[in-house]
DNA sequence: GTCTATATTTTGATAGAC
DNA sequence: GTCTATCAAAATATAGAC
């Protein structure tokens, strides 16, 4: 299963592009990395841009395909957003360099061969995140005051940045990254789930057993409601302690702070 | 207040660098944008890298200075994280292009004149976010199961991405972006505090009106125990408000005659 | 398929007239 | 301070031998 020479060129190019950027990477550097003479590259590709374009297109094709499956699938919005995180990380694991190129140079590739196809794929991938998020708002799963578009953009961004942050151990960290991102974003975005915060299990989204909808916590017996209130009490007491410390620290003159005017 | 020619070179360079990337921007393009001949640029700067470096250093100097004020200041971690968001956006508003360059090329500037100084500033800015976040964990304000380092990195990333997303209207949107980011991240990170915000936080971002506190949806099956807890909650909130007002008056001694400590 | 050699352009930077 | 003119290096891409 030795990679073809052509595939090796793509891989090494992607690595260099992701490290230095496309325009800072030379044909000669790519050739050196592959172990070929620079002229030989033109036997496989017509230009540097053609290499770049194929790297990105290959990545986006896989991403769109996986997103489509999630988008046309079933389950709660919470469950499907978790799936979006997971498949994003899985595709990123298969295209580690392309994922970073995608983030780095997304805005400056208008003059690329096959740009129309690329732009369509990018638009669709954004659409998928947005669609699922808005569905969660429509069906009442999410009802925070936060603009769904802003929310979805932030969540998506953090997922792809996570790929960069966890570069070397991505495959092994997919579970924990998925759990972290969904926990940070969904439990902030979908209120009334104070009991869902701990998230001790690293495998909440795996496979096809949709989680119960968020509204379930509302229907649960009073015991959980009591727990929720206890939890809120604890939080308030924390605030009290913090405020107390603050008051003490204010004994000395402090510079004015911007409380939010 | 006409900008000096030197400053104009910096501004136009920053714009081009942010649009196309440093290595894809030529000296001649910069000269054209400024309205000079390419050779004339070398009367003001020794090299393209020198221009690039000064753009970044100027931005980071301002950022570090503002972060330092927040870091050495007082207040709850929640309040100070909100300040971090706000000052980040304010500095970004003063250095719009540099902020995007900072995001785009942060990883590939190891070979820059003055790189040591730049790296130190970057490290400090990361440290500031991390330090405040961890302080919130230590004093009990934040007690989610999420790794503070991961959390802080995501929050910081979203703040700076917001600059890019809100490019044209950043100055006008600082309030709403701050509210959105803090709402998404803090109310997700600090659990069980649906309406316990100790600060008079201005209303949410979008035109969407805030929903009633989450606890009311749990209110339905409430028994006596729940009522007791709710009662205690209300009392605590009362105390919080009183304490908060006290802190406010202590923070701004000029506006009241409380004066004493 | 791969190499050597080279054509062609572009780029960062310099020299010197005004 | 600005321009014209140009250098020297580096880049993309091509041609043709093997």
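Chains as they are written, first to last, in full-length UniProt numbering: chain Y, 1 to 261; chain V, 1 to 261.
Just so it is clear, CB atoms sit at the ideal spot from N, CA and C, and this is done for glycine as well.
- Chain order gives the chain V residues near residue 161 of chain Y as 157, where near means a beta carbon separation below 7 Å.
- Proximity of chain Y to residue 108 of chain V at the Cβ level (cut-off 8 Å) is accounted for by 19, 20, 21, 24, in chain order.
- Annotation: Cβ neighbours of residue 153 of chain Y in chain V (cutoff 7 Å, chain order): 165.
- Approximately 18 Å separates the beta-carbon atoms of residue 141 of chain Y and residue 86 of chain Y; this is outside 8 Å, ruling out the contact.
- Between the alpha carbons of residue 38 of chain Y and residue 52 of chain Y lies a gap of roughly 16 Å.
- Ranked by how close their Cα comes to the Cα of residue 107 of chain Y, the residues V/108, V/103, V/107 have V/103 in first place.
- Between residue 174 of chain Y and residue 93 of chain Y, the gap from beta carbon to beta carbon is short of 8 Å.
- Residue-level contact by beta carbon holds for residue 185 of chain V and chain Y, with a gap shorter than 8 Å.
- The three-state secondary structure of residue 136 of chain V, taken from DSSP, is helix.
- Under a criterion of Cβ atoms nearer than 7 Å, the residues of chain Y adjacent to residue 150 of chain V are, in order, 180.
- The beta carbon of residue 15 of chain Y sits closer than 6 Å to those of 97, all from its chain and outside the five residues before and after it, given in chain order.
- Relative to residue 160 of chain Y, the option among Y/181, Y/137, Y/110 whose CA is nearest is Y/181.
- For residue 144 of chain Y, there is no enclosing alpha helix (DSSP H), as DSSP gives it neither H nor E.
- Interface flag for residue 37 of chain V against chain Y is unset, since no Cβ pair is found closer than 8 Å.
- Taking C-beta separations shorter than 7 Å and ignoring five residues to either side along the sequence, the partners of residue 56 of chain Y in its chain run 98, 101, 102, 118, following chain order.
- Taking 8 Å as the cut-off between beta carbons, the residues of the stretch 126-150 of chain Y near chain V are 143, 144, 145, 146, 147, 150, in sequence order.
- Judged by their CB atoms, residue 60 of chain V and residue 121 of chain V are nearer to each other than the 8 Å cut-off.
- Contact check for residue 6 of chain V against residue 44 of chain V passes: the beta carbons are separated by less than 8 Å.
- Under the three-state reduction of DSSP, residue 96 of chain Y is assigned to helix.
- In the DSSP assignment, residue 69 of chain Y falls within the unbroken alpha helix (DSSP H) covering 48-72.
- Under the DSSP assignment, residue 43 of chain Y falls in the alpha helix (DSSP H) whose first and last residues are 41-44.
- Between residue 148 of chain Y and residue 134 of chain Y, the C-beta gap is smaller than 8 Å, which places the two residues in contact.
- Using a Cβ-Cβ cut-off of 8 Å, residue 46 of chain V does not count as an interface residue toward chain Y, since no Cβ of chain Y sits closer than that to its own.
- When the alpha-carbon of residue 48 of chain V is set against those of V/153, V/185, V/116, V/13, the nearest one is in V/13.
- If you check the CB distance, residue 157 of chain V and residue 157 of chain Y come in under 8 Å.
- Per DSSP, the unbroken alpha helix (DSSP H) holding residue 29 of chain Y starts and ends at 27-34.
- With 16 or more other Cβ atoms from the protein chains shown falling within 10 Å of its own Cβ, residue 153 of chain V counts as buried.
- Within the same chain, 125, 128 come within 6 Å of residue 67 of chain Y by CB-CB distance, once the 5 residues on both sides are set aside.
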